[in-house]
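Visitor:
In the working numbering, the protein residues as written are 1242 to 1868.
(1) Going by alpha carbons, who is nearest to residue 1840 out of 1545, 1673 and 1621?
(2) Regarding residue 1787 and the ligand ADP, is the C-beta to nearest heavy atom distance less than 7 Å?
(3) What whole-angstrom Cβ distance do residue 1445 and residue 1309 have, given they're in contact under 8 Å?
(4) My guess is that residue 1434 and residue 1464 are in contact by the Cβ rule of under 8 Å, so how many angstroms apart are they, rounded?
(5) Within 10 Å of its beta-carbon, does residue 1324 have 16 or more other beta-carbons around it, so buried, or fewer, so exposed?
(6) Pick helix, strand or coil for residue 1323, following the three-state DSSP scheme.
(7) In whole angstroms, give me the CA-to-CA distance for residue 1371 and residue 1437.
(8) Quickly, what does DSSP pair residue 1450 with across the bridge? List them, please.
(9) Inspect the beta-carbon positions of residue 1322 and residue 1261 and report whether they are closer than 8 Å.
(10) Do you know how far the Cα of residue 1705 is from the Cα of residue 1451?
(11) Between the alpha carbons of residue 1696 and residue 1720, how many angstroms are there, rounded?
(12) Taking the Cβ atom as the reference point for each residue, do residue 1485 and residue 1559 lie within a distance shorter than 8 Å?
(13) Specify the secondary structure class of residue 1592 as computed by DSSP and reduced to three states.
(14) Would you identify the three-state DSSP class for residue 1367, choosing helix, strand or coil?
(15) Buried or exposed: where does residue 1403 fall if 16 or more other Cβ atoms within 10 Å of its Cβ makes it buried?
(16) Could you check where the beta strand (DSSP E) with residue 1568 kicks off and where it finishes?
(17) In three-state DSSP terms, what is residue 1803?
(18) Evaluate contact between the region 1776–1790 and the region 1806–1813, counting only Cβ atoms and requiring at least three cross-stretch pairs below 8 Å.
(19) Rounded to a whole number of angstroms, what is the C-alpha to C-alpha distance between residue 1572 and residue 1757?
(20) Flag this pair as yes or no: are the beta carbons of residue 1390 and residue 1380 separated by less than 8 Å?
(21) Can you give me the start and stop residues for the beta strand (DSSP E) that residue 1543 sits inside?
(22) If you reduce the DSSP assignment to three classes, tell me which class residue 1313 lands in.
(23) My assumption, with CB atoms under 8 Å, is that residue 1303 sits in contact with residue 1502. Please give the rounded CB distance.
(24) Which same chain residues end up closer than 8 Å to residue 1694 when comparing Cβ atoms and leaving out the 5 residues on each side of it in sequence?
(25) Please report the distance separating the alpha-carbon of residue 1505 from that of residue 1477.
(26) Please classify residue 1317 as buried or exposed, where buried requires at least 16 other C-beta atoms within 10 Å of its C-beta.
(27) Alpha carbons only, please: which of 1471, 1659, 1837 and 1366 is nearest the one belonging to residue 1523?
(28) Alpha carbon to alpha carbon, how far is residue 1768 from residue 1610? Give it in angstroms, no decimals.
(29) Please list the terminal residues of the continuous alpha helix (DSSP H) segment that includes residue 1749.
(30) According to the neighbour-count rule (16 or more other Cβ atoms, all chains shown, within 10 Å of its Cβ), is residue 1543 buried or exposed?
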């Protein structure tokens, strides 16, 4: 095959004098499935993409890093780059996605659609055997003078087979840390171009974490920003979310319709308000400018936030931000990375116990559950000689209160110990209104005494008790995964077992602990519960997070390191959060029921909420901000 490819490549045609954007405007036809719903490509629709595409022609450029928001057109711009090199400057190329499955899906759908709808491409890409020419496949597109190979970053063969002039890594922040025994897939991809004097490597991604692949590459580049000019004072600068030193998005609190750009030149009497139509005019006349000196030759970078997009208005963007802020940390992380194109920086690598102990508060005489809370969930850690259970009360926007922490002694394999656990999860707690609240949902770790825990869960499903299993190394996946049906016992009874992404679960806990109270997603601690003592807080802060880097200094993943033997409070806290996500409550409705129960004569107990389907993915209550 390699000899045949080499012979085919020798039929190279000379490149045209067109730029990528000119080629796209002249030849590219969009499929009906595209955002534009078909028709001709028009660079004028997304003027900021012209500089991104045409950077491939700049003398001396060897690497392009594109740190981008989602749905800003960069993926189609990369398609245009591929189309240009196929039709006008034929070259050996390699396109890598995070997984082989993603590469295959791209080849079937987006690449296949582009070839079919663009005559300049369908005329040269070989889909059938003609005149002895090599035939294209899903993973290899053949054309006179070159080829396009496609593969996944999770497959070593992707990097072992090809020597190419152009290499593209799409969604590179989601590449695995290493591939087989070969090393970092980003470095392996760039290395496939080294035998070409006019080589080019392009890396594009929404950023995931500070110090990740795209963040590191962009930070080492010339850091280009898209500059626009104030129509009032003429100042040229780039657009940020809230940096007063540059154009920023401004709005009145809780009112997205007031969103506008604000000129940074307020010290000289400008500070002009730039509304939505004017923003689009500014972007149409903008230009890319470097803001730093590259730290390595031939490396340029582009930052493409959603504030440049023609498909989302500033009011829509502000509405998305306000909703994310209300929902809490996980939604803010998504907004930061996919809308602002900024890496998420988690400053909660380690927590100290003493400041948390010092901020304990009095919930009130006879009050176990504060007035602002409406739902109770429990997390049960299982040890060889005891259960340890925490109970959290939940209010609006993910705000939470610790209301109980208790040790239930006994061997979990013995019926009497499980009977004591049942008594604990059946306990009711005094709300500030006088209503007695039950625990609405509980998660129990099944890592020890597994069969007995399964028995307990099956016997008490009506109390919304769930079996769970913590799994490390799944950062980025849903915190509560889809359950598997575990069968056990003589009658092979199935029990749903929910996997928990403990890495991100602990990150959420630490992020909450770092927030000031009161406020969305913050955590309160009681001063009147003797068990919520120094040892409790030491267990809660028993681990810290360490970032792992590859040989090139790029952050690839993180791990949690245990600083002390006992960490039961931290584990139980995470289980109570998982129980809340599985409960999927409507906090506003539950608060109304509590008020109604408190107002009713001689009624001191509020019923549990109606059964709801457990939520397992990003659509959980915390992610959707349902109140």
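Cβ atoms here follow ideal geometry from the backbone N, Cα and C, with glycine treated the same way.
Guide: Working from what's here:
(1) On the chain shown, residue 1840 is found 599 positions in, with the first residue counted as 1. Residue 1673 is the option with its Cα nearest to residue 1840.
(2) Inclusion of the ligand ADP in the displayed structure is not the case, the ligand content being empty and no account of it being possible.
(3) What you label residue 1445 is simply residue 204 of the chain shown in a count that begins at 1. What you label residue 1309 is simply residue 68 of the chain shown in a count that begins at 1. Confirmed, Cβ separation roughly 6 Å.
(4) Position 193 of the chain shown holds residue 1434. Position 223 of the chain shown holds residue 1464. Going by Cβ atoms, the distance from residue 1434 to residue 1464 rounds to 23 Å, so no, they are not a contact pair.
(5) One-based indexing of the chain shown puts residue 1324 at position 83. Buried, since its Cβ has 16 or more Cβ neighbours within 10 Å.
(6) Residue 1323 sits at position 82 when you count from the first residue of the chain shown. Residue 1323: helix per DSSP, three-state reduction.
(7) By one-based count along the chain shown, residue 1371 stands at place 130. By one-based count along the chain shown, residue 1437 stands at place 196. In this predicted model, residue 1371 has a pLDDT of only 49, less than 50, meaning its place in the structure is not dependable enough to derive any value.
(8) Here residue 1450 refers to the residue found at position 209 when the chain shown is read from its first residue. Note: residue 1450 sits in a beta bridge opposite 1585.
(9) For the purposes of this step, residue 1322 is taken as residue 81 along the chain shown, with counting starting at 1. For the purposes of this step, residue 1261 is taken as residue 20 along the chain shown, with counting starting at 1. Cβ atoms of residue 1322 and residue 1261: closer than 8 Å.
(10) For the purposes of this step, residue 1451 is taken as the residue at position 210 of the chain shown. For the purposes of this step, residue 1705 is taken as the residue at position 464 of the chain shown. The straight-line gap from Cα to Cα measures roughly 38 Å.
(11) Translated into positions along the chain shown, residue 1696 becomes position 455. Translated into positions along the chain shown, residue 1720 becomes position 479. Distance between the alpha carbons of residue 1696 and residue 1720: 24 Å.
(12) To locate residue 1485, count along the chain shown from 1; it is residue 244. To locate residue 1559, count along the chain shown from 1; it is residue 318. No. Outside cutoff.
(13) Numbered from its first residue, the chain shown carries residue 1592 at position 351. Three-state DSSP puts residue 1592 in coil, outside helix and strand.
(14) The count along the chain shown starts at 1 and reaches residue 1367 at position 126. Of the three classes helix, strand and coil, the one that applies to residue 1367 here is coil, per DSSP.
(15) If you number the chain shown from 1, residue 1403 lands on position 162. It counts as buried.
(16) Here the question's residue 1568 lines up with position 327 in the chain shown. Per DSSP, residue 1568 belongs to no beta strand (DSSP E); it is in the alpha helix (DSSP H), 1555–1568.
(17) Within the chain shown, residue 1803 is the residue found at index 562, counting from 1. DSSP places residue 1803 in strand when its eight states are reduced to three.
(18) The region 1776–1790, when compared against the region 1806–1813, does touch it at the 8 Å Cβ threshold.
(19) Translated into the one-based positions of the chain shown, residue 1572 becomes position 331. Translated into the one-based positions of the chain shown, residue 1757 becomes position 516. Roughly 18 Å between the two C-alpha positions.
(20) Residue mapping note: residue 1390 aligns to position 149 of the chain shown, counting from 1. Residue mapping note: residue 1380 aligns to position 139 of the chain shown, counting from 1. Going by C-beta atoms, residue 1390 is nearer than 8 Å to residue 1380.
(21) Translated into the one-based positions of the chain shown, residue 1543 becomes position 302. Per DSSP, residue 1543 belongs to the beta strand (DSSP E) from 1540–1545.
(22) Stepping through the chain shown from its first residue, residue 1313 is reached at position 72. If DSSP states are grouped into helix, strand and coil, residue 1313 belongs with coil.
(23) On the chain shown, residue 1303 is found 62 positions in, with the first residue counted as 1. On the chain shown, residue 1502 is found 261 positions in, with the first residue counted as 1. The Cβ separation is near 35 Å, so there is no contact.
(24) Looking up residue 1694 in the chain shown gives position 453. Taken in chain order, the residues that qualify are 1623, 1653, 1685, 1686, 1687 and 1708.
(25) The residue labelled residue 1505 in the question sits at position 264 within the chain shown. The residue labelled residue 1477 in the question sits at position 236 within the chain shown. When rounded, the distance between both Cα atoms is 10 Å.
(26) By one-based count along the chain shown, residue 1317 stands at place 76. When all chains shown are included, residue 1317 counts as buried.
(27) What you label residue 1523 is simply residue 282 of the chain shown in a count that begins at 1. When each option's Cα is compared against that of residue 1523, the closest is 1471.
(28) One-based indexing of the chain shown puts residue 1610 at position 369. One-based indexing of the chain shown puts residue 1768 at position 527. Spanning the two alpha carbons is a distance of roughly 13 Å.
(29) For the purposes of this step, residue 1749 is taken as the residue at position 508 of the chain shown. Residues 1743–1754.
(30) For the purposes of this step, residue 1543 is identified with residue 302 of the chain shown, where counting begins at 1. Only buried fits residue 1543, as 16 or more other CB atoms lie within 10 angstroms of its CB.
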